[in-house]
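Here the structure comes first, spelled out in C-alpha cells, and everything after it is commentary.
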Amino acid sequence: MWLPLGTIFSTLELSPLILILFEAMGQYRALATSGESFPYTLPFISPYDPSRNRPTRPSRRRSQIE
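First residue of the sequence shown? That's 358 in our numbering, and the numbers climb one at a time after it.
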C-alpha cells in the first residue's frame, strides 16, 4: 500500500515545478520584449529566442561542417 501511495506523491511533485517554469519563461519573454536585460539566462537552456518570437536554429560555420 505504501509503494503506490509514494509513487503518486513522487509523480505529483513535478507539477508545481513545471508551473513555475512556465511562469518564469513568461516573465523572461515579457522582459525581453520590453527591451530590458536579464543577466540570469543559464536556467533557461532553450533554443527559444524571445526577441524573434520563434525557435532559433544553431548556426553552422563552414569550419564546423568540415
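Cβ coordinates follow ideal geometry from the N, Cα and C atoms, glycine included.
> In angstroms, rounded to a whole number, what distance separates the CA positions of ALA381 and GLY392?
Replying inline: Start at 1 with the first residue of the sequence shown, and residue 381 comes out as number 24. Start at 1 with the first residue of the sequence shown, and residue 392 comes out as number 35. Between ALA381 and GLY392, the C-alpha separation is close to 17 Å.
>> According to DSSP, simplified to helix, strand and coil, what is PHE379?
In response: Taking the first residue of the sequence shown as 1, we reach residue 379 at position 22. Three-state result, PHE379: helix.
> Secondary structure at TYR397, three-state DSSP: helix, strand or coil?
Replying inline: What you label residue 397 is simply residue 40 of the sequence shown in a count that begins at 1. The answer is coil: DSSP assigns TYR397 none of H, G, I, E or B.
> With DSSP run on the structure shown, which of helix, strand or coil describes GLY363?
Replying inline: Taking the sequence shown and counting its residues from 1, the one referred to as residue 363 is at position 6. GLY363: helix per DSSP, three-state reduction.
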